[in-house]
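Here is the structure we will look at, set down as structure tokens.
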Amino acid sequence: MFGMDMDMDVLRAGSGEPVRQEGNATNCIETTLEEEIERLLRRAEMLRELSALPIMTEEQELHASLMRAIADAYERRAYELAAEIEDEDWEDWR
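For the sequence shown, my numbering assigns the number 1 to the initial residue and increments by one for each residue that follows.
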């Protein structure tokens, strides 16, 4: 579906550490929680835009519905990660 996939690494993300690794041993890319939150929100926005395109068939309606559901899941996960960051900041402050 438009090359979008649910990243299991995102679902297992731990606060303060790299949450995704892409590539191989020579060109590994690590992202922080903040970067992962931004990526999730960008994906959610893109899916919402795609799901708002004109619909002609029942199959397209189903795809649009799935894109909205995935966008909701991405946003929920982004807010969960943001809450983890806020919790850590609060603990560091105390």
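Beta carbons are placed, not taken as given, at the ideal position from N, Cα and C, and that holds for glycine.
For residue i, the nearest candidate out of the options (CA to CA)
| i | options | result |
| --- | --- | --- |
| GLU35 | THR57, GLU86 and ALA82 | ALA82 |
| GLU38 | PRO54, TYR79, GLN60 and GLU59 | TYR79 |
| LEU53 | LEU41, LEU40 and MET67 | MET67 |
Three-state secondary structure (DSSP) of residue i
| i | result |
| --- | --- |
| ILE55 | coil |
| GLU75 | helix |
| GLU49 | helix |
| LEU11 | Legend: pLDDT at LEU11 = 41, less than 50; position of this residue unreliable, value from coordinates given subsequently. LEU11: helix per DSSP, three-state reduction. |
Distance, residue j Cα to residue i Cα
| i | j | result |
| --- | --- | --- |
| THR57 | SER65 | 12 Å |
| HIS63 | ALA44 | 14 Å |
| ARG48 | GLN60 | 14 Å |
| GLU75 | ILE85 | 15 Å |
| LEU41 | ASP87 | 20 Å |
| ALA69 | LEU33 | 22 Å |
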